[in-house]
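Worksheet for the structure shown next.
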Amino acid sequence: MRQAQALEASEADARAVDAPVADAHVANAHVADAHVAKIPLAVVGLGSKQREPVIARLDEWSRLGRRWAATPESWEVVPVDADAPLQALCARYSRWALWVRSDAEAFAAMYRTLRLVSEHQGPKRLLALHEPGLPRAGLLENLRAAAAAYLGIELLLLAR
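Numbering (my numbering), first residue to last: 11 to 170.
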């Protein structure tokens, strides 16, 4: 009986992964193998098909022994436009991240992205993912403080 319930649950999960998502605001996600349940992670701040930087960062956290990061293969990274119908997508995805750029215009661009997330009723808590070596002091801390104070968004910064 339990096996049948587990099979039904895994089939439902597979259908949910393959179900059409809101519209073209969400990039085509890699089709997950029906036998391997992946952890969906919706990410704003990425280009539509740029999953590699996120996977590389999750891999680094995994190699540092962070159990929550599992393995890079465990994740289904879903790039999402910040102006997508985020309220509906929040019902579908429980894990959200912001890819933080590290160029000279990063603060303005990332704040603008977070403002769009807020305006489109997006998630109120996002994990800040960024290239290795970006110091917490400065861009990341300023972005975290501004998101909290002006947008009511909690930006989670991970310590090494």
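Where a beta carbon is used, it is the ideal one built from N, C-alpha and C, also for glycine.
Since this is a predicted model, take the numbers as computed values, not measurements.
When DSSP labels each residue in this structure, what does Glu115 get in the three-state scheme?
coil
Using only alpha-carbon positions, find the residue among Leu144, Pro142, Arg125 that is nearest to Leu136.
It is Arg125.
Just verifying my parser: in three-state terms, what is the DSSP assignment at Arg102?
helix
Backbone secondary structure at Arg6 - three-state DSSP:
The shown model of the chain, from 11 to 170, leaves out residue 6, and the question about it has no answer.
Taking its Cβ as the centre, do 16 or more other Cβ atoms sit within 10 Å of Ala44, making it buried, or is it exposed?
Caution is warranted here: a pLDDT of 48 is assigned to Ala44, below 50, making its placement in the model unreliable, and no coordinate value can be reported.
Counting C-beta neighbours from all protein chains within 10 Å, is the total for Trp78 16 or more, i.e. buried, or is it exposed?
By the neighbour-count rule (16 or more Cβ atoms within 10 Å), Trp78 is not buried but exposed.
Measuring alpha carbon to alpha carbon, tell me which of Ala66, Arg67, Tyr160, Met120 ends up nearest His55.
With the sequence shown as reference, residue 55 is identified as Gly, and His is not the correct amino acid for it. That would be Met120, whose Cα lies nearest to the Cα of Gly55.
Consult DSSP for Leu137 and reduce its assignment to one of helix, strand or coil.
strand
Specify the secondary structure class of Tyr65 as computed by DSSP and reduced to three states.
Checking the displayed sequence, the identity of residue 65 turns out to be Ile instead of Tyr. Of the three classes helix, strand and coil, the one that applies to Ile65 here is helix, per DSSP.
Checking the sheet assignment: what are the DSSP bridge partners for Ala107?
Val53, Leu137
Spell out the partners DSSP gives Pro89 in its beta bridges.
Pro89 is bridged to Val53.
Got a sec? Which residues, its chain only, sit under 8 Å from Asn152 by beta carbon, not counting five neighbours each side?
Phe117
Glu86, buried or exposed, once every other Cβ within 10 Å from all chains shown has been counted against 16
buried
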